[in-house]
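Heads up: the structure comes next, in structure tokens.
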Amino acid sequence: MEKYYITPEFEVIRNQNRCIACRVCERQCANEVHTYDVDGKIMLSDEAKCVNCQRCVSLCPTHALKIVKNECSFRENANWQSDTIKEIYKQATSGGVLLSSMGNPKPLPVYWDKILINASQVTNPSIDPLREPMETRVFLGKKPDSITRKPDGSIDTTIAPQLELTMPVMFSAMSYGSISYNAHESLARAARELGIYYNTGEGGLHEDFYCYGENTIVQVASGRFGVHEDYLNAGAAIEIKMGQGAKPGIGGHLPGAKIVGEVSRTRMIPEGSDAISPAPHHDIYSIEDLRQLVYSLKESSQYKKPVIVKVAAVHNIAAIASGIARSGADIIAIDGFRGGTGAAPTRIRDNVGIPIELALAAVDRRLRDEGIRNNVSLVVGGSIRSASDVVKAIALGADACYIATSALLALGCHLCRTCQTGKCNWGIATQRPELVKRLNPDIGSERLVNLLTAWRHEVKELMGGMGINSIEALRGNRLMLRGVGLTEKELEILGISHAGE
Amino acid sequence: MKRIYVDEKHCLGCHLCEYNCAYANSGINNMVKALKDKTIYPRIRVEGDEKITYAVSCRHCTDPLCVKSCISGALSIENGTICIDHNKCVGCLTCILVCPYGAVTTGEGGVVQKCELCLKNASGAPACVAGCPNRAIIYEER
Numbered sequence: 005m006e007k008y009y010i011t012p013e014f015e016v017i018r019n020q021n022r023c024i025a026c027r028v029c030e031r032q033c034a035n036e037v038h039t040y041d042v043d044g045k046i047m048l049s050d051e052a053k054c055v056n057c058q059r060c061v062s063l064c065p066t067h068a069l070k071i072v073k074n075e076c077s078f079r080e081n082a083n084w085q086s087d088t089i090k091e092i093y094k095q096a097t098s099g100g101v102l103l104s105s106m107g108n109p110k111p112l113p114v115y116w117d118k119i120l121i122n123a124s125q126v127t128n129p130s131i132d133p134l135r136e137p138m139e140t141r142v143f144l145g146k147k148p149d150s151i152t153r154k155p156d157g158s159i160d161t162t163i164a165p166q167l168e169l170t171m172p173v174m175f176s177a178m179s180y181g182s183i184s185y186n187a188h189e190s191l192a193r194a195a196r197e198l199g200i201y202y203n204t205g206e207g208g209l210h211e212d213f214y215c216y217g218e219n220t221i222v223q224v225a226s227g228r229f230g231v232h233e234d235y236l237n238a239g240a241a242i243e244i245k246m247g248q249g250a251k252p253g254i255g256g257h258l259p260g261a262k263i264v265g266e267v268s269r270t271r272m273i274p275e276g277s278d279a280i281s282p283a284p285h286h287d288i289y290s291i292e293d294l295r296q297l298v299y300s301l302k303e304s305s306q307y308k309k310p311v312i313v314k315v316a317a318v319h320n321i322a323a324i325a326s327g328i329a330r331s332g333a334d335i336i337a338i339d340g341f342r343g344g345t346g347a348a349p350t351r352i353r354d355n356v357g358i359p360i361e362l363a364l365a366a367v368d369r370r371l372r373d374e375g376i377r378n379n380v381s382l383v384v385g386g387s388i389r390s391a392s393d394v395v396k397a398i399a400l401g402a403d404a405c406y407i408a409t410s411a412l413l414a415l416g417c418h419l420c421r422t423c424q425t426g427k428c429n430w431g432i433a434t435q436r437p438e439l440v441k442r443l444n445p446d447i448g449s450e451r452l453v454n455l456l457t458a459w460r461h462e463v464k465e466l467m468g469g470m471g472i473n474s475i476e477a478l479r480g481n482r483l484m485l486r487g488v489g490l491t492e493k494e495l496e497i498l499g500i501s502h503a504g505e
Numbered sequence: 651m652k653r654i655y656v657d658e659k660h661c662l663g664c665h666l667c668e669y670n671c672a673y674a675n676s677g678i679n680n681m682v683k684a685l686k687d688k689t690i691y692p693r694i695r696v697e698g699d700e701k702i703t704y705a706v707s708c709r710h711c712t713d714p715l716c717v718k719s720c721i722s723g724a725l726s727i728e729n730g731t732i733c734i735d736h737n738k739c740v741g742c743l744t745c746i747l748v749c750p751y752g753a754v755t756t757g758e759g760g761v762v763q764k765c766e767l768c769l770k771n772a773s774g775a776p777a778c779v780a781g782c783p784n785r786a787i788i789y790e791e792r
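Respectively, the protein sequence lines represent chains A and B.
Numbered by the working numbering, the letters in the first sequence go through residues 5 to 505 in order.
Numbered by the working numbering, the letters in the second sequence go through residues 651 to 792 in order.
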């Protein structure tokens, strides 16, 4: 009886005049929505299984399919909306915590969309990036505060280890296990071609990808999966993951069903065992403890690699960042509440954390006020959706951005938000071999390179319009931003004026 | 000479190549009109099992057994491409018997048909390659 409480979320509409019964939809749907009725020579569908990933729609050669929201609705109620009602039904049936994937879908404010960028007119010249040089290169790491001289009078040019990026964007952490081998290969190859970095996430680094080490950031998270000396030395930087924007304050849980073969080997845990990342690092209860881990990682990599500390954007983020900047870390990565995930408790994803725009502005200001901004570089993530988001983030004070959802979209993700089922029809968030091979890394890496090449052109165009010819000159340049429809308080936190001022 | 190769690692087994082939060789300019409610006779076939699939079509051998064995002179090599003249084919099916790849098949009327790389139809280049969603069929010089 219980399943009857929940009506299918989507409706599969098949134009029978166009359907040639080629059965591509049937073969491509891991959720088994489509079937062929031999007697009637007709395709049928079971909509209850549909997650609206659009795989069948994309591959249907005659465009005979569309998936729409099921209009069958509960009686309208502004307080008890249909999603809320369905969640109650689900929990009343299962007795469990609701799980969901990817970023917070709630209609909370997107500050990027309320910030506008300046451009030059008459009194100051704009720059045409097609005719004049334009620098998008950035270096991440600790910068010296002043010039120091050696005893012989020459300038001391030694500098803390740096990451060199051709553009201020990197691929954010996604573990091997949560995403497929082919997805990792696509990211690694694209990072190398673009001259940027991708991040292993917490699942270790597959031995096939050690060759991309110069463009790899290796992550150490609370579960310490796949962490060993060679791993720490394989990448260009080491990231300590303290938190994730999609689920601040809690750990991770990769189900045993996904710990198969190579994933189990790479994570260094038995096949079929659940990979549980604890909520805290059990050895970190203070900035001093964090400092110990930062330095033990530096020690194990001969002080040759910058150490990144990644935290979720939460209420006291400015104070937290200030602590991290004093812990010896070279780079702070902050993940906003709209950041993606392969699985998170729905309540946490939708209600915990703060917007990255506010967190970034607050952290940048705090570090400047305390005179420690040069101690660290700032990397921000959590739904950077376009080149203009990148430009706005840089102008608010970031050194670079982390993107992951945008990268997955480039690989074919349609944001159906059911990664946790492991049945990704696009070959991304799955370990089933027949699904993994759907993502050809040749195509995947090419599409990632295309995306970021396009973004780089757009960043240059936007900078040129402002009369700025290097990322360095844009960083923290909040005069280039204006807010629209924001309150005094929001403007104060963002450190920008209202449009018209 | 450019030939069709398959990358079985990335073949999805979706069978789109078969439908694109049948459509390209139908001479009709609308896929629905060409294929709806019809049995298709593609010149490329997806083979394999649940674990591995790959699309098989004519290899355009440099020393083709099918051409050698054709009793009516219907099969010939034109600039490296093995072509069939349907007017000459008598339907003895010897070519099907000798082809080591199983790439020659019978068409709708019982006479033999085979991949001619879409060089003679409106596509101008292999439709299976253009329509493969995962680049598992490749048309290139090796």
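Think of the CB as a built atom: it goes at the ideal place given N, C-alpha and C, for glycine as much as any other residue.
Judged by pairs of C-beta atoms under 8 Å, the stretch 726-746 of chain B does not touch the stretch 695-706 of chain B, as fewer than three such pairs exist. Using a Cβ distance threshold of 7 Å, residue 333(A) and residue 298(A) count as a contacting pair.
Residues of chain A whose Cβ lies closer than 8 Å to the Cβ of residue 764(B) do not exist, since the nearest Cβ in that chain is about 22 Å away. With distances taken between CA atoms, residue 195(A) lies nearest to 451(A) out of 278(A), 257(A) and 451(A). Under a criterion of Cβ atoms nearer than 8 Å, the residues of chain A adjacent to residue 669(B) are, in order, 24, 26, 28 and 65. Comparing C-alpha distances from residue 361(A) to each of 437(A), 382(A), 346(A) and 138(A) shows the shortest one belongs to 382(A). Counting along the chain, the unbroken alpha helix (DSSP H) around residue 667(B) starts and ends at 666-674. Along the stretch 776-789 of chain B, going in chain order, the ones with a CB nearer than 9 Å to a CB of chain A are 781, 783, 784, 785 and 786. Sequence-ordered contacts of the stretch 437-462 of chain A with chain B read 441, 442, 444, 446 and 447 [C-beta pairs closer than 7 Å]. A Cβ-Cβ contact shorter than 7 Å links residue 310(A) with residue 165(A).
Below the 8 Å Cβ cutoff, chain B contributes 662, 663, 664 and 665 as neighbours of residue 31(A), in chain order. In the structure shown, the three-state DSSP call for residue 150(A) is coil. Residue 260(A) holds the alpha-carbon nearest to the alpha-carbon of residue 276(A) among 399(A), 66(A) and 260(A). Within the stretch 221-282 of chain A, the complete beta strand (DSSP E) segments of 3 residues or longer fall at 241-245, 256-258 and 279-281, listed in chain order. Of the candidates 379(A), 12(A), 41(A) and 75(A), 12(A) places its Cα closest to the Cα of residue 52(A).
By the Cβ neighbour-count rule, residue 454(A) is exposed, with fewer than 16 other Cβ atoms within 10 Å of its own. DSSP, read as helix, strand or coil, puts residue 339(A) in strand. The CB of residue 706(B) never comes closer than 8 Å to any CB in chain A; the least such distance is about 17 Å. In terms of CA proximity to residue 746(B), 715(B) leads the group 715(B), 772(B) and 722(B). In this structure, DSSP gives residue 300(A) a helical state, which the three-state scheme calls helix. At a cut-off of 7 Å between beta carbons, residue 683(B) makes no contact with chain A. The residues 349, in chain order, have a CB closer than 7 Å to that of residue 101(A) in the same chain once the five nearest residues on each side in sequence are set aside.
Counting other Cβ atoms within 10 Å of its Cβ, residue 112(A) stays below 16 and is therefore classed as exposed. Taken atom to atom, the span from the alpha-carbon of residue 492(A) to that of residue 498(A) is near 10 Å.
Under a criterion of Cβ atoms nearer than 7 Å, the residues of chain A adjacent to residue 686(B) are, in order, 24. Less than 7 Å separates the beta-carbon of residue 120(A) from that of residue 503(A). Judged by DSSP secondary structure, residue 62(A) falls outside any beta strand (DSSP E) and instead within the alpha helix (DSSP H) spanning 59-63. Nearest to residue 49(A) by alpha-carbon distance, out of 377(A), 43(A) and 35(A), is 35(A).
Comparing alpha carbon positions, the residue from 313(A), 54(A) and 91(A) closest to residue 73(A) is 54(A).
Fully contained in the stretch 27-73 of chain A are the following alpha helix (DSSP H) runs of length 4 or more, in chain order: 28-32 and 59-63. Counting the other CB atoms within 10 Å of its CB gives residue 31(A) a total of 16 or more, which places it among the buried residues. Residue 479(A) and residue 324(A) have their C-alpha atoms some 22 Å from each other. In terms of Cβ geometry, residue 709(B) and residue 751(B) form a close pair [threshold 7 Å]. Below the 7 Å Cβ cutoff, chain A contributes no neighbours of residue 770(B), its closest Cβ being approximately 22 Å away.
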